[in-house]
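Below: one structure, written as structure tokens.
In structure tokens, the structure reads:
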């Protein structure tokens, strides 16, 4: 663990002394311990995660504007991220946040605010933005196929809410799957860790592939929902030969726009230029 800081809620001098000794190794590494009262510590935890959720949703809103103006969200991200007051982290647009911490802590802070008679307007908006962003990629898919997904088959790379975990709580991929199935499509999915957890929820409503390339067989298009390392540098020749059409919908902006254009893909991502205009399908 390499925490930036350790926040402890206690007003007991004895507890402060014991905890300072316990966390001594971190202090010696330059990680400060911040003592405060219990309520402030709890609010600090909620506020930290809620603020990161705000950054994510803000960038997703900027990405929406970029798509409408013809701007590139990657350029905007680099431009504002170079400002030390803002920082570079958590400025990556995508298909929304999930997991156990951000959704839970945002809701908890909104609830706590309501309990004391205050409406936390920003966080209410953050939740709305995140929920709509989860289906933003599906809207792109529907538009490409002229709002008719009946009989279409999609390969989905990624089920967990983020890479390097099997956690599917509030995962955007699940919402994408539900939307596609409702629209009459079928889905084959692959995730290095999370497939058993999804099987427990979705059962046989989708197909679970043994590997990322097996997942592509007979698929009309590829959807990237989680940025696992193995998805970042695929064998594009295999992707091209396995898909029915060279169509990729990237919810995590993992691929280079120019590279996808050179390889001949129709490629849609979040807040970046459209590659190769869609044909009538």
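In the numbering used here, the protein residues as written are 718 to 998.
Beta carbons are placed, not taken as given, at the ideal position from N, Cα and C, and that holds for glycine.
Contact check between the region 869 to 879 and the region 924 to 939: three or more CB pairs, one atom from each, fall below 8 Å, which counts as touching.
By a beta-carbon distance limit of 8 Å, residue 766 contacts residue 822. Their separation comes to about 4 Å. For the pair of segments examined, the region 957 to 975 was found not to touch the region 899 to 919: the number of CB pairs separated by less than 8 Å stays below three.
Collapsing the DSSP output to three states places residue 905 in a strand. In the DSSP assignment, the residues bridged to residue 753 are 726. Rounded to whole angstroms, the separation of the alpha carbons of residue 908 and residue 729 is 47 Å. The DSSP-derived three-state label of residue 721 is coil. Excluding sequence positions up to five before and after residue 929, its CB lies within less than 8 Å of the CB of 874, 907, 947, 948 and 951, all in the same chain and listed in chain order. In the same chain as residue 805, and ignoring 5 residues on each side of it, the C-beta atoms closer than 6 Å to its own belong to 798, in chain order. The region 812 to 827 and the region 767 to 774 touch, with three or more beta-carbon pairs separated by less than 8 Å. Secondary structure of residue 978 (DSSP, three-state): helix.
Counting only residues of its own chain and dropping the five nearest sequence neighbours on each side, residue 725 has a CB closer than 6 Å to the CB of 736 and 752.
By the Cβ rule, the region 807 to 815 counts as touching the region 844 to 863, because three or more pairs are nearer than 8 Å. Taken in chain order, the whole alpha helix (DSSP H) runs of length 4 or more contained in the region 891 to 960 are 912 to 919, 946 to 949 and 953 to 959. Taking the C-beta atoms as reference points, residue 988 is found no nearer than 7 Å to residue 848. Distances from the alpha-carbon of residue 843 to those of 776, 923, 742 and 912 put 776 closest.
Fewer than three beta-carbon pairs drawn from the region 825 to 837 and the region 915 to 927 are found closer than 8 Å, and the two stretches are therefore not classed as touching. Residue 888 and residue 881 have their C-alpha atoms some 13 Å from each other. Residue 986 and residue 801 have their C-alpha atoms spaced approximately 27 Å apart. Secondary structure remark: continuous beta strand (DSSP E) runs of at least 3 residues inside the region 831 to 891, in chain order: 870 to 874.
Excluding the 5 residues flanking it on each side, residue 911 has same chain C-beta neighbours closer than 6 Å at 876, 877, 883 and 885, in chain order. Assigned with DSSP and collapsed to three states, residue 966 falls in strand.
Closest by C-alpha distance to residue 879, out of 841, 817, 758 and 956, is 817.
Note that the C-beta distance between residue 926 and residue 959 is not below 7 Å.
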